[in-house]
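2 protein chains.
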Amino acid sequence: MPTASKAKPASNGRGRRAASTSGDERERAILETAERLLEERPLSEISVDDLARGAGISRPTFYFYFPSKDAVVLTIIDRLVVAAADSREEALKMLAAGEPRAGLRQALADLYGAFRSRRGVSLAAAELRLTNPEARELWSQVMEGWVADTAAVIEAERSRGAAPPGQPARDLAIALVQMNERVQYATFTGESPSLDEDRVLDVLVEIWLRTIYGTAEPS
Amino acid sequence: MPTASKAKPASNGRGRRAASTSGDERERAILETAERLLEERPLSEISVDDLARGAGISRPTFYFYFPSKDAVVLTIIDRLVVAAADSREEALKMLAAGEPRAGLRQALADLYGAFRSRRGVSLAAAELRLTNPEARELWSQVMEGWVADTAAVIEAERSRGAAPPGQPARDLAIALVQMNERVQYATFTGESPSLDEDRVLDVLVEIWLRTIYGTAEPS
DNA sequence: AAACCCTATCAACACCGCGTCGAGAGCTTC
DNA sequence: GAAGCTCTCGACGCGGTGTTGATAGGGTTT
Numbered sequence: 001m002p003t004a005s006k007a008k009p010a011s012n013g014r015g016r017r018a019a020s021t022s023g024d025e026r027e028r029a030i031l032e033t034a035e036r037l038l039e040e041r042p043l044s045e046i047s048v049d050d051l052a053r054g055a056g057i058s059r060p061t062f063y064f065y066f067p068s069k070d071a072v073v074l075t076i077i078d079r080l081v082v083a084a085a086d087s088r089e090e091a092l093k094m095l096a097a098g099e100p101r102a103g104l105r106q107a108l109a110d111l112y113g114a115f116r117s118r119r120g121v122s123l124a125a126a127e128l129r130l131t132n133p134e135a136r137e138l139w140s141q142v143m144e145g146w147v148a149d150t151a152a153v154i155e156a157e158r159s160r161g162a163a164p165p166g167q168p169a170r171d172l173a174i175a176l177v178q179m180n181e182r183v184q185y186a187t188f189t190g191e192s193p194s195l196d197e198d199r200v201l202d203v204l205v206e207i208w209l210r211t212i213y214g215t216a217e218p219s
Numbered sequence: 220m221p222t223a224s225k226a227k228p229a230s231n232g233r234g235r236r237a238a239s240t241s242g243d244e245r246e247r248a249i250l251e252t253a254e255r256l257l258e259e260r261p262l263s264e265i266s267v268d269d270l271a272r273g274a275g276i277s278r279p280t281f282y283f284y285f286p287s288k289d290a291v292v293l294t295i296i297d298r299l300v301v302a303a304a305d306s307r308e309e310a311l312k313m314l315a316a317g318e319p320r321a322g323l324r325q326a327l328a329d330l331y332g333a334f335r336s337r338r339g340v341s342l343a344a345a346e347l348r349l350t351n352p353e354a355r356e357l358w359s360q361v362m363e364g365w366v367a368d369t370a371a372v373i374e375a376e377r378s379r380g381a382a383p384p385g386q387p388a389r390d391l392a393i394a395l396v397q398m399n400e401r402v403q404y405a406t407f408t409g410e411s412p413s414l415d416e417d418r419v420l421d422v423l424v425e426i427w428l429r430t431i432y433g434t435a436e437p438s
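If you're matching them up, the sequences are chains D and P in order. Start counting the first sequence at 1; every next residue gets the next number (the numbering used here). Start counting the second sequence at 220; every next residue gets the next number (the numbering used here).
Below, the structure written as structure tokens:
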């Protein structure tokens with residue numbers, strides 16, 4: 001069961017003990033190696049040995065720092081997710097401040113930017129989700145957060161009369177959030193039918209607006 | 220390089236020679252075993268040995284019939300894709316017959332049904348795409364087909380004045396088609412935020428209509 | 001019927017990636 | 001200077017993949 005978490009002494013559950021000697025650099029070196037390699041090739045083509053060598057240690061020694069390759073990636077994803085959540089906070093304020101269209105665009109742009117700036121990690125998250133229950137759970141929570149926020153916005157707009165009624169807000173939110181995930185993923189990989197880096201936001205925003213307001217012109 | 224195609228004597232590129240002896244049943248047995256197991260568990264948890272045993276042969280003998288596990292799955296996906304393409308033909312006629320809203324719903328329903336009826340295979344396709352270039356290419360062509368059809372519909376509706384202008388038809392089509400893929404995938408796996416089996420169509424149709432017509436009420 | 005060939009089969013092998021075990025080496029620190 | 005940490009790695013076992021070589025049987029050719 002190559003999953004993750006179980007930890008040697010004590011810590012957040014992933015890495016190692018709290019903190020201390022110089023070997024702490026090694027942990028960082030492993031994480032940095034992983035981030036670097038993920039920008040070059042998919043997770044499935046990176047082995048524990050690659051991570052160990054990249055950090056200047058042997059494969060068994062790697063296991064002193066992390067219980068598995070998945071655990072390393074999960075740690076990295078965790079950080080990305082936290083960073084993305086911060087972006088969201090910002091955008092939400094704007095949305096609440098009564099600028100739905102500009103706010104929405106800003107929110108989608110921030111989200112896109114957060115993942116775009118760590119392309120490799122984002123793709124690794126999608127890949128890991130397929131085989132790793134912890135990754136699935138983590139991503140699930142992330143999605144749930146965005147869905148809840150989106151649904152709240154839709155409901156707010158409906159009850160102030162700016163958006164027409166229709167399918168349940170939460171259901172629309174789920175589809176929209178999943179659309180963004182898939183569209184962004186395609187753009188990052190550059191797979192065959194995919195949106196251009198510089199058009200993706202315009203297209204997503206238009207679909208969100210039309211879906212929420214029934215038309216691209218609110219009210 | 221565990222990819223596929225290279226074939227022993229001559230055939231479609233995947234399986235074996237044209238046709239002949241009794242060992243032909245074996246080939247079918249392998250394919251059937253794969254389909255059966257894929258309804259039970261993900262591709263990554265199925266080994267060549269599982270397929271061989273399921274077909275009543277040893278692992279080396281499996282390699283007489285297929286060059287790899289991937290090749291088996293690609294063959295199966297190929298068939299599903301062909302079946303789905305047929306559904307699309309049907310729905311396109313309806314769309315062309317001047318019933319855009321009913322036709323669109325029918326098209327999405329047919330597509331959903333085609334993949335729903337082979338849930339396991341559909342999920343395997345998504346999984347294989349991540350690691351196998353042939354699968355990526357195949358899926359890419361499938362998506363391209365749907366995108367082209369969708370874009371054509373949008374353009375037709377715009378030029379007859381039923382749909383308002385907006386982002387380029389092809390760009391909207393890409394996002395919509397990818398949304399469907401992701402939303403359906405989520406529904407099939409039952410992952411955490413996901414649409415209910417029986418709500419998914421209503422939601423997708425509403426988003427498509429609003430995106431294309433600017434409102435859920437055409438014209 | 002013996003030689004030959006083609007289909008089909010599998011035991012045994014080589015390889016790779018993962019994760020573990022046990023034996024240290026180098027530091028404190030008492 | 002012995003005990004006790006942190007850190008390191010050689011060597012192992014496991015499970016998966018794909019290949020090799022030997023072989024058995026049916027189908028023809030001669």
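Where a beta carbon is used, it is the ideal one built from N, C-alpha and C, also for glycine.
Which residue comes first and which comes last in the alpha helix (DSSP H) that contains residue i?
i, result
"D:Gly-103", "100-116"
"D:Ala-56", "The sequence given here has Gly at residue 56 of chain D, not Ala. No alpha helix (DSSP H) contains D:Gly-56, which DSSP labels as neither H nor E."
"P:Ile-295", "288-315"
"P:Thr-406", "388-408"
"P:Leu-262", "Run containing P:Leu-262: none; DSSP gives neither H nor E here."
"P:Ala-354", "352-378"
"D:Thr-215", "It is not in any alpha helix (DSSP H) - D:Thr-215 carries neither H nor E in the DSSP assignment."
I'd like to check one pair, residue j with residue i: are the Cβ atoms closer than 9 Å?
i, j, result
"P:Phe-281", "P:Val-267", "yes"
"P:Ala-326", "P:Arg-307", "yes"
"D:Trp-139", "D:Leu-176", "no"
"D:Leu-195", "D:Thr-187", "yes"
"P:Asp-289", "P:Asn-351", "yes"
"D:Leu-128", "D:Ile-77", "yes"
"P:Glu-353", "P:Tyr-432", "no"
"P:Glu-410", "P:Ala-388", "no"
"P:Ala-310", "P:Leu-293", "no"
"D:Arg-101", "D:Gly-56", "no"
"P:Val-402", "P:Val-361", "no"
"D:Ala-109", "D:Ala-84", "no"
"P:Val-291", "P:Leu-314", "no"
"P:Pro-439", "D:Glu-144", "Residue 439 of chain P lies beyond the range of chain P shown here (220 to 438); nothing can be said about it."
"D:Thr-215", "P:Thr-434", "yes"
Out of the options, state which residue places its alpha-carbon closest to the alpha-carbon of residue i.
i, options, result
"P:Ala-344", "P:Arg-247, P:Glu-244, P:Ser-263", "P:Ser-263"
"D:Arg-53", "D:Val-73, D:Arg-170, D:Ala-29, D:Pro-42", "D:Ala-29"
"D:Leu-130", "P:Glu-254, P:Glu-318, P:Arg-260, P:Ala-253", "P:Arg-260"
"P:Arg-298", "P:Leu-250, P:Leu-391, P:Pro-412, P:Asp-269", "P:Leu-250"
"P:Leu-391", "D:Glu-144, D:Arg-210, D:Glu-137", "D:Arg-210"
"P:Asp-243", "P:Asp-269, P:Phe-285, P:Glu-254", "P:Phe-285"
"P:Glu-254", "P:Glu-318, P:Glu-400, P:Val-340, P:Glu-416", "P:Val-340"
"D:Trp-146", "D:Pro-60, D:Leu-104, D:Arg-116", "D:Leu-104"
"P:Glu-416", "P:Pro-279, P:Ser-336, P:Glu-363", "P:Ser-336"
"P:Tyr-404", "P:Leu-342, P:Thr-252, P:Glu-318, P:Ile-265", "P:Leu-342"
"D:Arg-160", "D:Asn-180, D:Gly-98, D:Glu-137", "D:Gly-98"
Quick test of the definition: if touching needs 3 or more C-beta pairs under 8 Å, does the stretch 363-371 of chain P touch the stretch 379-395 of chain P? Touching, per the Cβ criterion.
Is the stretch 418-426 of chain P in contact with the stretch 382-391 of chain P, if contact means three or more CB pairs nearer than 8 Å? With the cut-off at 8 Å, the stretch 418-426 of chain P and the stretch 382-391 of chain P do not touch.
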